[in-house]
Amino acid sequence: MSTDLVGRSLLRDTDLTKAEFLSLIDLADELRAERRSGAEKPRLVGRSVALIFEKTSTRTRVSFQLAAGEQGAQVLYLGPGETQLGEKESIADTARFFGRLFDGIEYRGGAQDNVERLGAHAGVPVWNGLTDRWHPTQMLADVLTIRDHTRRPLEEVVLCYLGDGRNNTAHSLLVTGAQLGLDLRVAAPGALFPDQEVRGEAERLALASGARLTITSDVAEAVSGADFLYTDVWLSMGEPAEAWDERIDLLLGFQVNRDLLESTGNSEVKFLHCLPAFHDEETGAMARIAERRGLACLEVTDEVFQSPASIVFDQAENRFHTIKALMVATLGG
Ligand code: CP
Ligand code: NVA
């Protein structure tokens with residue numbers, strides 16, 4: 004199967020075959036080693052990349068900007084509200100203009116349809132840096148991190164995601180796990196189960212790959228024997244702050260804490276989180292919740308977040324190496 008990705012976009016996880024996905028992970032591994040040895044070769048000299056962010060970001064923005072720069076490309080960052088996009092100009096017209104000037108475009112925003120339309124009209128690779136539906140660049144980093152921290156083949160890895168089962172990260176994990184053949188469990192309250200269409204897509208992929216998929220509200224069943232526990236924020240960007248209390252009530256039983264790690268029965272279990280995380284009161288949002296609800300953390304305790312089981316900063320660093328690989332492969336560096 005060809006893994007030539009030149010000219011290709013990454014709008015949703017299923018844009019990549021298993022072989023293509025794994026080839027990007029391998030390239031990220033090589034680029035990481037090259038960078039660490041101090042012998043990085045710039046492959047994107049003379050190229051230009053636009054970063055359009057309609058939502059805020061730390062890791063994704065930094066990764067695209069620094070990685071493109073290290074590879075010799077020019078980068079233009081456009082933050083929320085900094086273009087005519089949406090309000091005065093359509094996605095299609097914006098895409099056609101950007102496609103004239105840039106070799107690649109990253110887009111983070113709400114509707115998946117926006118990034119799909121950018122991809123349809125730009126004529127250059129478009130990379131989804133997160134929408135309400137999918138977070139595909141996150142998956143590249145997550146799988147690289149899992150591979151770094153296990154001796155077993157991916158097909159034998161047990162990955163359990165807990166929390167909001169119908170957000171972008173959960174949806175992407177479900178289809179990615181299904182495509183790669185993992186034992187993938189989602190533990191969520193029934194009201195926050197993954198979208199039916201996404202579940203159907205994942206089930207079809209699992210038939211082909213041999214993946215085992217479990218979607219359940221039974222936390223004990225979900226975490227039993229897990230190699231990796233993964234969680235995300237309980238309220239995603241774009242959701243109303245008024246929903247916090249209802250969401251907290253629904254999800255408190257799905258918190259990743261020491262008891263949960265112990266109930267996996269695996270003393271080597273690792274903790275993953277795409278970040279940012281509500282693990283202490285050091286943020287404005289969490290300080291307000293702490294005052295209102297008397298809680299010191301939400302989806303993960305500080306004890307677990309800071310523990311040796313936590314590999315979240317390896318995972319965050321891998322955003323950079325995998326995003327670099329994505330740009331190099333699709334821009335043909
Ligand atoms: N994980 C992730 O996408 O982080 P940012 O929102 O900081 O980019
Ligand atoms: N589900 C989260 C992911 C952040 C990286 C959000 O959309 O806010």
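Following this note's numbering from start to finish, the sequence shown increments by one per residue and tops out at 336.
Backbone N, C-alpha and C fix where the C-beta goes; we use that ideal spot for every residue, glycine too.
In angstroms with no decimal places, state the Cα-to-Cα distance between residue i and residue j.
i, j, result
"residue 174", "residue 136", "7 Å"
"residue 196", "residue 217", "11 Å"
"residue 126", "residue 294", "50 Å"
"residue 60", "residue 284", "20 Å"
"residue 47", "residue 93", "29 Å"
"residue 12", "residue 143", "14 Å"
"residue 180", "residue 80", "32 Å"
"residue 328", "residue 282", "30 Å"
"residue 84", "residue 291", "26 Å"
"residue 24", "residue 17", "9 Å"
"residue 7", "residue 311", "38 Å"
"residue 119", "residue 242", "21 Å"
"residue 260", "residue 184", "27 Å"
"residue 264", "residue 104", "49 Å"
"residue 56", "residue 206", "32 Å"
"residue 279", "residue 209", "30 Å"
Which same chain residues end up closer than 6 Å to residue i when comparing Cβ atoms and leaving out the 5 residues on each side of it in sequence?
i, result
"residue 77", "51"
"residue 5", "Its pLDDT being 49, under 50, residue 5 is placed unreliably in this model, and the coordinates cannot settle the point."
"residue 325", "31, 143, 144, 147"
"residue 122", "12, 14, 129"
"residue 54", "67, 80, 109"
"residue 215", "186"
How would you write the range of the alpha helix (DSSP H) that residue i sits in, first residue to last?
i, result
"residue 181", "171-183"
"residue 347", "Any answer about residue 347 is impossible in this case: the structure gives the chain only from 4 up to 336."
"residue 32", "21-39"
"residue 290", "287-296"
"residue 236", "Note, residue 236: premise wrong, no alpha helix (DSSP H); not H, not E."
"residue 281", "Neither: residue 281 is in no alpha helix (DSSP H) and is coded neither H nor E."
"residue 299", "Note, residue 299: premise wrong, no alpha helix (DSSP H); not H, not E."
Cβ-heavy atom distance between residue i and the ligand NVA below 8 Å?
i, result
"residue 171", "yes"
"residue 163", "no"
"residue 167", "yes"
"residue 142", "no"
"residue 421", "Absent from the model: residue 421. The displayed extent of the chain is 4 to 336, so no value can be given."
Can you give me the Cβ contacts of residue i inside the same chain, cut-off strictly under 7 Å, excluding the 5 residues immediately before and after it?
i, result
"residue 317", "148, 151"
"residue 417", "This structure leaves residue 417 out entirely; the chain is present only between 4 and 336."
Kindly list the residues whose CB is nearer than 8 Å to the CB of residue i, restricted to its own chain and excluding five residues on each side of it in sequence; keep chain order.
i, result
"residue 257", "165, 166, 190, 191, 192, 222, 234, 302"
"residue 9", "332, 333, 334, 335"
"residue 229", "161, 162, 163, 188, 267, 269, 272"
"residue 102", "108, 124, 125, 126, 127"
"residue 305", "282, 283, 299"
Taking 8 Å as the cut-off, is the beta-carbon of residue i closer than that to any non-hydrogen atom of the ligand CP?
i, result
"residue 62", "yes"
"residue 183", "no"
"residue 136", "no"
"residue 279", "yes"
"residue 319", "yes"
"residue 322", "yes"
Residue range of the beta strand (DSSP E) that residue i falls in?
i, result
"residue 124", "Careful: residue 124 lies outside any beta strand (DSSP E), inside the alpha helix (DSSP H) at 115-125."
"residue 244", "Per DSSP, residue 244 belongs to no beta strand (DSSP E) and is neither H nor E."
**Asked** What beta strand (DSSP E) runs, 3 residues minimum, are completely inside the stretch 85-169?
**Response** Every beta strand (DSSP E) of 3 residues or more that sits fully in the stretch 85-169 is shown, in chain order, as 107-111, 129-131, 161-165.
**Prompt:** Along the chain, which unbroken stretches of the beta strand (DSSP E) at least 3 residues long are found entirely within the stretch 180-230?
**Reply:** Taking 3 residues as the shortest admissible run, the stretch 180-230 contains the following complete beta strand (DSSP E) segments, listed from N- to C-terminal end: 186-190, 215-219.
**Request:** Would you list, in sequence order, the uninterrupted alpha helix (DSSP H) runs of no fewer than 4 residues that lie entirely inside the stretch 48-73?
**Result:** With a minimum length of 4 residues, the continuous alpha helix (DSSP H) runs that stay inside the stretch 48-73 are 62-73.
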